[in-house]
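K.L.:
Residue 291 in the working numbering is what sits at position 289 of the sequence shown, and the numbering runs on without skipping anything.
Beta carbons: idealized from backbone N, C-alpha and C, even for Gly.
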Amino acid sequence: MSLFGRIKKEHWNEIIGVLIVIFAIWMLISLIGFGGSIGNSLKYDLLEFIGYVSYLLVIIICYWGVSLFLDRKRGILSGLFGTVCLIISGLMLMSLLSNEPYLTSGILGSGLNKLCKRTIGTPGLLLSGLVFFILGITLSAELTVRHIFYTIYTKLRRKEPISVRKKHRTITPSTSAKTQKPVSTEPVSDTTVVLSESYEDKTDDELYLRNPSTVGPYVLPKLSLLNKNIPENEQLTKSMLQETARILERSFKDFNIDAKVLRVNRGPAVTRYEVEPGPGVKVSKFVNLSDDLALVLRATRVRVVAPVPGAGVVGIEVPNEKVMQVGLREVLESQEFRNTKARLPLPLGKDISGTPIVADLATMPHLLVAGTTGSGKSVFINSVIASMLFRMTPDELRFLMIDPKRVELSLYDGIPHLIAPVVTDSTKAPAYLRWALREVDKRYKRLADIGVRNIESYNKYMDEHPEVIGKPAEEDNLIHGKMSYIMIIIDELADLMMVSSTDVEASITRLAQIARAAGVHMLVATQRPSVDVVTGIIKANLPCRLSFRLASKVDSRTILDMNGAENLLGKGDMLFMDVNTAKPIRIQGCYISEGEIERIVEFTQQNALPSDNDISDIDEEESQDDSDDDIYEQAVKLVIKHQTASTSFLQRKLNISYDRAVQLLEDMEAEGIVGPNMGKQSREILIDDED
Numbered sequence: 003m004s005l006f007g008r009i010k011k012e013h014w015n016e017i018i019g020v021l022i023v024i025f026a027i028w029m030l031i032s033l034i035g036f037g038g039s040i041g042n043s044l045k046y047d048l049l050e051f052i053g054y055v056s057y058l059l060v061i062i063i064c065y066w067g068v069s070l071f072l073d074r075k076r077g078i079l080s081g082l083f084g085t086v087c088l089i090i091s092g093l094m095l096m097s098l099l100s101n102e103p104y105l106t107s108g109i110l111g112s113g114l115n116k117l118c119k120r121t122i123g124t125p126g127l128l129l130s131g132l133v134f135f136i137l138g139i140t141l142s143a144e145l146t147v148r149h150i151f152y153t154i155y156t157k158l159r160r161k162e163p164i165s166v167r168k169k170h171r172t173i174t175p176s177t178s179a180k181t182q183k184p185v186s187t188e189p190v191s192d193t194t195v196v197l198s199e200s201y202e203d204k205t206d207d208e209l210y211l212r213n214p215s216t217v218g219p220y221v222l223p224k225l226s227l228l229n230k231n232i233p234e235n236e237q238l239t240k241s242m243l244q245e246t247a248r249i250l251e252r253s254f255k256d257f258n259i260d261a262k263v264l265r266v267n268r269g270p271a272v273t274r275y276e277v278e279p280g281p282g283v284k285v286s287k288f289v290n291l292s293d294d295l296a297l298v299l300r301a302t303r304v305r306v307v308a309p310v311p312g313a314g315v316v317g318i319e320v321p322n323e324k325v326m327q328v329g330l331r332e333v334l335e336s337q338e339f340r341n342t343k344a345r346l347p348l349p350l351g352k353d354i355s356g357t358p359i360v361a362d363l364a365t366m367p368h369l370l371v372a373g374t375t376g377s378g379k380s381v382f383i384n385s386v387i388a389s390m391l392f393r394m395t396p397d398e399l400r401f402l403m404i405d406p407k408r409v410e411l412s413l414y415d416g417i418p419h420l421i422a423p424v425v426t427d428s429t430k431a432p433a434y435l436r437w438a439l440r441e442v443d444k445r446y447k448r449l450a451d452i453g454v455r456n457i458e459s460y461n462k463y464m465d466e467h468p469e470v471i472g473k474p475a476e477e478d479n480l481i482h483g484k485m486s487y488i489m490i491i492i493d494e495l496a497d498l499m500m501v502s503s504t505d506v507e508a509s510i511t512r513l514a515q516i517a518r519a520a521g522v523h524m525l526v527a528t529q530r531p532s533v534d535v536v537t538g539i540i541k542a543n544l545p546c547r548l549s550f551r552l553a554s555k556v557d558s559r560t561i562l563d564m565n566g567a568e569n570l571l572g573k574g575d576m577l578f579m580d581v582n583t584a585k586p587i588r589i590q591g592c593y594i595s596e597g598e599i600e601r602i603v604e605f606t607q608q609n610a611l612p613s614d615n616d617i618s619d620i621d622e623e624e625s626q627d628d629s630d631d632d633i634y635e636q637a638v639k640l641v642i643k644h645q646t647a648s649t650s651f652l653q654r655k656l657n658i659s660y661d662r663a664v665q666l667l668e669d670m671e672a673e674g675i676v677g678p679n680m681g682k683q684s685r686e687i688l689i690d691d692e693d
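#1: Does the Cβ of Y660 have 16 or more other Cβ atoms within 10 Å, making it buried, or fewer, making it exposed?
#2: Report the partner residues of D575 according to the DSSP bridge assignment.
#3: Which residue wins for smallest C-alpha separation from Y54, given the options K484, G111, S69?
#4: Of all the options L552, L79, S595, L59, which has the alpha carbon lying nearest to the alpha carbon of T374?
#5: Just verifying my parser: in three-state terms, what is the DSSP assignment at E398?
#6: Give me the Cα-Cα distance between T365 and I383, rounded to the nearest whole angstrom.
#7: Taking the alpha-carbon positions, what's the K240 to G35 distance?
#8: Does the beta-carbon distance from L348 to V360 come in below 8 Å?
#9: Would you report the Cα separation of S509 and N456, rounded to the nearest angstrom?
#10: For the alpha helix (DSSP H) containing N582, list its first residue and its last residue.
#11: Take E16 as the anchor and find which of L70, R685, S558 has the nearest alpha-carbon.
#12: If you follow the beta strand (DSSP E) that T273 is in, where does it begin and where does it stop?
#13: I'd like to check one pair, I594 with A388: are the Cβ atoms closer than 8 Å?
#14: Quick one: using the 10 Å Cβ neighbour count with 16 as the cut-off for buried, is H523 buried or exposed?
#15: Quick check on I417: buried or exposed, where buried means 16 or more other Cβ atoms within 10 Å of its Cβ?
#16: Ends of the alpha helix (DSSP H) at S380?
#17: Between the segment 527–543 and the segment 251–267, can you find at least three pairs of beta-carbon atoms closer than 8 Å?
#18: Nearest-angstrom Cα distance between S4 and W14?
#19: Would you tell me roughly how many angstroms separate the C-alpha atoms of T320 and A301, rounded to the nearest one?
#20: Hey, N543 and A514: beta-carbon distance below 8 Å or not?
#21: Mapping the DSSP letters down to three states, classify G126 as helix, strand or coil.
#22: Quick check: the Cα distance between S223 and K430, rounded to an integer number of angstroms?
#23: Can you give the beta carbon distance from I539 to E507, rounded, assuming they're within the 8 Å contact cut?
#24: Regarding G19 and the ligand MN, is the C-beta to nearest heavy atom distance less than 7 Å?
#25: For A247 and V221, I'd like the C-alpha separation in whole angstroms.
#26: Could you name the residues of the same chain whose beta carbon sits closer than 6 Å to that of K352, not counting the 5 residues immediately before and after it, in chain order?
#27: Which first and last residues belong to the beta strand (DSSP E) in which M489 is found?
#28: Where does D362 sit, in a helix, a strand or coil, going by DSSP?
#29: Which residues bound the beta strand (DSSP E) around A527?
#30: Do G37 and W28 have their CB atoms nearer than 8 Å?
#31: Would you kindly check if the distance between the Cβ of L350 and the Cβ of F578 is under 8 Å?
#32: P418 bridges to which residues according to DSSP?
#33: Which residue from L411, H368, V306 puts its Cα closest to that of I587?
#34: Whole angstroms is fine: what's the gap from I471's alpha carbon to A567's?
#35: L299 to F254, Cα distance in whole Å?
#36: Would you mind reading off the limits of the beta strand (DSSP E) that contains L227?
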């Protein structure tokens, strides 16, 4: 391949563009009189034919060179026709500046002047010149007449601050609007640009989420324990966003798609370009363009939302060059969180328009969370727990934390909100879930005794009838009293399913079905959302789901029943799907550091009232039951019936883990049912059916 063949098209455009600009500069020098013999000849010829319009020709040639250098795609025919219109306009208007048109517009301008004055008069000549000027600008710069007049209007009138228009959300309505400082750039198109809101500090009087006098002797932590979120000064102007919008429109034109960018929403991590398809354009044409648009925009990945629910547009979501961190304190201090009526508010983060999003766990009533390592799943769980500690007392909310990984939730050991110490042993987790089921049954018996339907009505009844508190219920000697919400947090569902999938799946399913009215809610997280972990039964009973970045489209469909999570950016970028939303909402999650968590936990421990864990003795209680439970009896019957005693046999028949099968065989050996381990061979059966 020759040297010229190896040069890329972009490099050719740059080389030719530079040469054209140099030629335009030489033309200008020649018109001044310093171009040498060739330049002087060119000067006299240009001035004779088109007069002072020669300088306009220099500007047009320079503009074409710069456009080619910047790789701006222009239509050749429309550009040439626009150039001709500009030259004609210049000849007409310049010929009006002197009684001798030949001196200002040359031979061509003088001829046009005489022709137009004879046919349409001087006013017609002036109007024709203006029409050709507008037509030339429109064709050359690919602008509409509306763009031109809008630009002139904004030049004559001082620009007002950019308004931030709130979008209605089905989760929490936006009630506060902080104005963004005006951007000192001239708008170049009619695309509406909405920038994120600025952060405002709160006074010391507003550092509590609740009035301390309303929570009794317990002291809630102050928001000052959290770091202030310092907004980063990102050099991103309105004109840059509009330039990207024009690139998108030209790309759609290249793909033979009639579409126009109507609005640009810039959020903390992602900018959404809302595109309106033309008449007869199918939405499906946009779905497969994500990779092509990522190539055009030089972005890591592009997500296409086709269509945006309730907006009548297609959303093109492009990552920002720099992600702006959303601090937990920023969301907790927002009016959306302070004024929410949610009983268990979850600060999810900020959406694409920069609006804080707050959801209510009490109405979900459970949440399934998925995300790969480093996607922000653990940070989200920590932000949820921290927000509850800022708002709820131990009498109002209790936690049951199950952390098989042993590192994520162990920081919270010792806080008064815990029902039991953080569960780190996967084999003990099913026992705690069974305790939760028994607690739900006890609560329903209390509700039935009073004649109410849910925990809110029960606690309200206790407030209105304090004489009932402390009295026994009619069934099982239960004592009446205000009930706290219970939040069960499972940090890794996959580990529990490996230990005892049958027990865990049955307990989670049962809790998801009946626990809401009793005030028991679950937050279940996993980093491996395969179908053997997130089973169909679990999905059916956990309709509210939140997905961080996942490894594949298959994992995304497992959690959200649609693609999209595989295109997320990580580091808190999430998709939230509520039962009330047709499609997931993209949110940048809250961030809380480990140092902030330690400060909150230390404050909570120091200011806690003396209390005992509610189920601190569950280990001994449940471990004694495990040796004589139904699974052990089933295992003994299977071994005697089939005269086979091996771990693989029990795993296959009972759908249990390897460790559980080994424990069952060791228990049988201790009771004299089977013989000792014989390596690869099955153990000897020491009893038969008659025994």
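P.N.:
Short version:
#1: The residue you call residue 660 lines up with position 658 of the sequence shown. By the 10 Å Cβ count, Y660 comes out exposed.
#2: What you label residue 575 is simply residue 573 of the sequence shown in a count that begins at 1. Its beta-bridge partners are Q590.
#3: One-based indexing of the sequence shown puts residue 54 at position 52. For the residues K484, G111, S69, the minimum Cα distance to Y54 belongs to G111.
#4: Within the sequence shown, residue 374 is the residue found at index 372, counting from 1. Of the candidates L552, L79, S595, L59, the one whose C-alpha sits nearest the C-alpha of T374 is L552.
#5: In the sequence shown, counting from the first residue as 1, residue 398 sits at position 396. In this structure, E398 counts as coil in the three-state DSSP scheme.
#6: Here residue 365 is taken as the residue at index 363 of the sequence shown, counted from 1. Here residue 383 is taken as the residue at index 381 of the sequence shown, counted from 1. So the two alpha carbons sit approximately 18 Å from each other.
#7: The sequence position of residue 240 within the sequence shown is 238, counting from 1. The sequence position of residue 35 within the sequence shown is 33, counting from 1. Rounded to whole angstroms, K240 to G35 spans 42 Å at the Cα level.
#8: Locating residue 348 in the sequence shown gives position 346, counting from the first residue. Locating residue 360 in the sequence shown gives position 358, counting from the first residue. In this structure, V360 lies closer than 8 Å to L348 by Cβ.
#9: Along the sequence shown, read from residue 1 onward, the residue named residue 509 stands at position 507. Along the sequence shown, read from residue 1 onward, the residue named residue 456 stands at position 454. Cα-Cα distance, rounded: 21 Å.
#10: Indexing the sequence shown from 1 puts residue 582 at position 580. Segment: none, N582 is in no alpha helix (DSSP H) and carries neither H nor E.
#11: On the sequence shown, position 14 is the one that residue 16 refers to. With distances taken between Cα atoms, E16 lies closest to L70.
#12: Looking up residue 273 in the sequence shown gives position 271. Note, T273: beta strand (DSSP E), 272–279.
#13: If you number the sequence shown from 1, residue 388 lands on position 386. If you number the sequence shown from 1, residue 594 lands on position 592. Yes, these two residues count as a Cβ contact at 8 Å.
#14: Position 521 of the sequence shown, counting from 1, holds the residue named residue 523. Per the 10 Å Cβ criterion, buried.
#15: Here residue 417 refers to the residue found at position 415 when the sequence shown is read from its first residue. I417 is buried by the Cβ-count criterion.
#16: The count along the sequence shown starts at 1 and reaches residue 380 at position 378. First-last of the alpha helix (DSSP H) with S380: 379–393.
#17: no
#18: As a first step, residue 4 is located in the sequence shown; it is residue number 2 there, counting from the start. As a first step, residue 14 is located in the sequence shown; it is residue number 12 there, counting from the start. No answer about S4 holds up, because its pLDDT of 47 lies below 50 and its placement is not dependable.
#19: One-based indexing of the sequence shown puts residue 320 at position 318. One-based indexing of the sequence shown puts residue 301 at position 299. The residue you asked about is not Thr; residue 320 is Val in the sequence shown. If you take the alpha carbons of V320 and A301, they lie about 7 Å apart.
#20: The residue labelled residue 543 in the question sits at position 541 within the sequence shown. The residue labelled residue 514 in the question sits at position 512 within the sequence shown. Yes, the pair counts as a contact, with Cβ atoms nearer than the cut-off.
#21: Locating residue 126 in the sequence shown gives position 124, where the first residue counts as 1. Reduced to three states, the DSSP call for G126 is helix.
#22: Taking the sequence shown and counting its residues from 1, one reaches residue 223 at position 221. Taking the sequence shown and counting its residues from 1, one reaches residue 430 at position 428. Note that residue 223 corresponds to Pro in the displayed sequence, not to Ser. If I take the Cα positions, the gap works out to 32 Å.
#23: Walking along the sequence shown from the start, residue 539 turns up at place 537. Walking along the sequence shown from the start, residue 507 turns up at place 505. The pair is a contact, with the Cβ atoms about 6 Å apart (cut-off 8 Å).
#24: As far as ligands go, the structure on display features none, and thus does not contain the ligand MN.
#25: In the sequence shown, the residue the question calls residue 247 occupies position 245. In the sequence shown, the residue the question calls residue 221 occupies position 219. Each residue's alpha carbon lies about 51 Å from the other.
#26: Here residue 352 refers to the residue found at position 350 of the sequence shown. Excluding sequence neighbours, K352 sits near P270, V328, P358, Q590.
#27: Numbered from 1 along the sequence shown, position 487 holds the residue referred to as residue 489. Here the beta strand (DSSP E) through M489 covers 487–492.
#28: For the purposes of this step, residue 362 is identified with residue 360 of the sequence shown, where counting begins at 1. Of the three classes helix, strand and coil, the one that applies to D362 here is strand, per DSSP.
#29: Locating residue 527 in the sequence shown gives position 525, where the first residue counts as 1. A527 -> beta strand (DSSP E) spans 522–528.
#30: Numbered from its first residue, the sequence shown carries residue 37 at position 35. Numbered from its first residue, the sequence shown carries residue 28 at position 26. In contact: G37 and W28 (Cβ atoms closer than 8 Å).
#31: Along the sequence shown, one-based indexing puts residue 578 at 576. Along the sequence shown, one-based indexing puts residue 350 at 348. Yes, these two residues count as a Cβ contact at 8 Å.
#32: Translated into the one-based positions of the sequence shown, residue 418 becomes position 416. According to DSSP, P418 bridges with nothing at all.
#33: For the purposes of this step, residue 587 is taken as residue 585 along the sequence shown, with counting starting at 1. Ranking L411, H368, V306 by Cα distance to I587 puts V306 first.
#34: Along the sequence shown, one-based indexing puts residue 471 at 469. Along the sequence shown, one-based indexing puts residue 567 at 565. Their backbone Cα atoms lie some 49 Å apart in a straight line.
#35: Taking the sequence shown and counting its residues from 1, the one referred to as residue 299 is at position 297. Taking the sequence shown and counting its residues from 1, the one referred to as residue 254 is at position 252. Near 12 Å, if we compare the C-alpha coordinates of F254 and L299.
#36: If you number the sequence shown from 1, residue 227 lands on position 225. No beta strand (DSSP E) holds L227; DSSP gives it neither H nor E.
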